[in-house]
Amino acid sequence: MPDDHAQDMKSLLVRADLSRRGFVVAGTLATGFALAARPVMAQTMITTDTAGITAGEVQVPVSDGRIPAYHAMPAAGGPFPTVVVIQEIFGVHEHIKDVCRRFAKLGYFAVAPEMYARQGDVSKLTDVPTIFKEVVSKVPDAQVMSDIDAAVAWAQSTGKANTDKLGITGFCWGGRVVWLYAAHQPKLKAGVAWYGRLVGQASDMTPKHPIDVVADLKAPVLGLYGGADTGIPNDTVEKMQAALKAAGKPSEIVLYPDTPHAFHADYRPSFRKTQAEDGWAKLQDWFKKNGVA
1 MPDDHAQDMK SLLVRADLSR RGFVVAGTLA TGFALAARPV MAQTMITTDT AGITAGEVQV
61 PVSDGRIPAY HAMPAAGGPF PTVVVIQEIF GVHEHIKDVC RRFAKLGYFA VAPEMYARQG
121 DVSKLTDVPT IFKEVVSKVP DAQVMSDIDA AVAWAQSTGK ANTDKLGITG FCWGGRVVWL
181 YAAHQPKLKA GVAWYGRLVG QASDMTPKHP IDVVADLKAP VLGLYGGADT GIPNDTVEKM
241 QAALKAAGKP SEIVLYPDTP HAFHADYRPS FRKTQAEDGW AKLQDWFKKN GVA
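Those letters in the sequence shown? Residues 1 to 293, per full-length UniProt numbering, in order.
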């Protein structure tokens with residue numbers, strides 16, 4: 001109990017600090033791909049057009065101003081089931097925007113808020129260690145949860161999003177966020193986490209990790225992981241599976257053998273077409289099974 005109280009106090013301090021900053025508008029989304037995500041593999045990259053859908057950048061009101069986001073939805077009809085798409089470490093760049101368009105083609109209202117808007121633009125940084133040091137390490141989980149809630153509220157305000165059918169998916173950095181949001185938001189119906197870190201050291205910015213919130217999960221999460229992911233050892237996946245079973249949670253984890261990290265990222269050398277397509281099909285089934293579609 002004392003530890004939980006201390007973490008709650010830290011979260012309150014983070015929120016208070018955000019309010020003091022008086023942040024107003026954090027620019028626009030990056031164009032193309034982040035420099036650190038290169039080289040881009042054009043021969044395998046999926047590009048989804050905008051025929052039959054409406055898509056583009058928007059500004060989402062948050063507690064201390066506005067943040068940029070990308071959204072996509074069918075051009076006619078609605079309201080549509082809603083999916084929040086959470087970025088990789090590289091921010092809301094072209095791949096994440098394309099994922100939103102893919103969801104729109106399936107009949108969803110998709111929104112991808114820029115999670116680092118206050119902390120900096122990662123698109124011009126050339127390597128992952130610098131992104132972590134200069135930006136990601138300064139992004140508090142409390143801010144992320146609040147901004148996702150704000151993105152959902154904005155989607156609902158358009159009259160085109162049915163947020164009673166709410167899902168979330170995220171990749172890499174965003175995969176970890178999916179687990180945390182499933183423990184945060186009681187209105188969430190389901191989540192799909194793509195190779196998100198499961199364990200870690202507690203800090204002021206990241207007081208808890210997915211394995212720490214298993215008992216608090218309010219929605220079922222499907223985890224999609226690679227057996228050859230050097231950044232997420234198989235033993236941490238096994239620990240998470242055991243924790244979910246012990247807690248009696250209806251979440252599942254799929255571990256693809258001999259598969260690297262970022263296997264869904266079709267613009268990167270890590271892309272694995274068979275596993276990515278299987279994961280995408282499993283995502284659709286998971287959302288349908290759990291009331292998102």
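No residue lacks a Cβ here, since even glycine has one placed at the ideal position from N, Cα and C.
On a predicted model such as this, the values are computed, not experimentally measured, just so you know.
Please classify residue i: is it buried, with 16 or more other beta-carbons within 10 angstroms of its beta-carbon, or exposed?
| i | result |
| --- | --- |
| Ser63 | exposed |
| Gln43 | exposed |
| Pro68 | buried |
| Gln185 | buried |
| Pro233 | exposed |
| Gly167 | buried |
| Ala75 | exposed |
| Pro39 | exposed |
| Asp266 | buried |
| Asp49 | exposed |
| Leu18 | Bear in mind that a pLDDT of 43 at Leu18, under 50, signals an unreliable position, so the number given afterwards is only what the model happens to contain. Flag for Leu18 reads buried. |
Per DSSP, residue i is paired with what?
| i | result |
| --- | --- |
| Thr169 | Val85 and Val192 |
| Gln59 | Pro68 |
| Pro74 | Ile53 |
| Ala161 | Phe80 |
| Gly91 | Glu88 |
Counting along the chain, where does the alpha helix (DSSP H) carrying residue i start and finish?
| i | result |
| --- | --- |
| Val99 | Glu94 to Lys105 |
| Ile148 | Asp141 to Ser157 |
| Ile46 | Ile46 -> no alpha helix (DSSP H), and no H or E assigned at all. |
| Leu283 | Lys273 to Lys289 |
| Val237 | Asn234 to Ala247 |
| Phe132 | Val128 to Glu134 |
Thinking residue i and residue j are a contact (beta carbons under 8 Å), I'd like their distance in whole angstroms, please.
| i | j | result |
| --- | --- | --- |
| Arg101 | Ala151 | Going by Cβ atoms, the distance from Arg101 to Ala151 rounds to 17 Å, so no, they are not a contact pair. |
| Ala110 | Val83 | 5 Å |
| residue 318 | Phe132 | Residue 318 is absent from the model: the chain starts at 1 and stops at 293. |
| Ile86 | Gly226 | Actually they do not touch by this definition, with Cβ atoms about 18 Å apart. |
| Gly91 | Val122 | 5 Å |
| Lys208 | Ala182 | That pair is no contact at about 12 Å. |
| Val192 | Leu244 | 15 Å between Cβ atoms; not a contact. |
Starting from residue i, follow the beta strand (DSSP E) in both directions and report where the run begins and ends.
| i | result |
| --- | --- |
| Ala110 | Phe109 to Pro113 |
| Val221 | Val221 to Gly226 |
| Ile253 | Glu252 to Tyr256 |
8 Å is my cut-off, CB to CB: does residue i come that close to chain C?
| i | result |
| --- | --- |
| Val177 | In the displayed structure, chain C is absent; only one protein chain is listed. |
What do you reckon, is the C-beta of residue i under 7 Å from a heavy atom of the ligand SAH?
| i | result |
| --- | --- |
| His95 | For the ligand SAH, the structure offers nothing, since it holds no ligand at all. |
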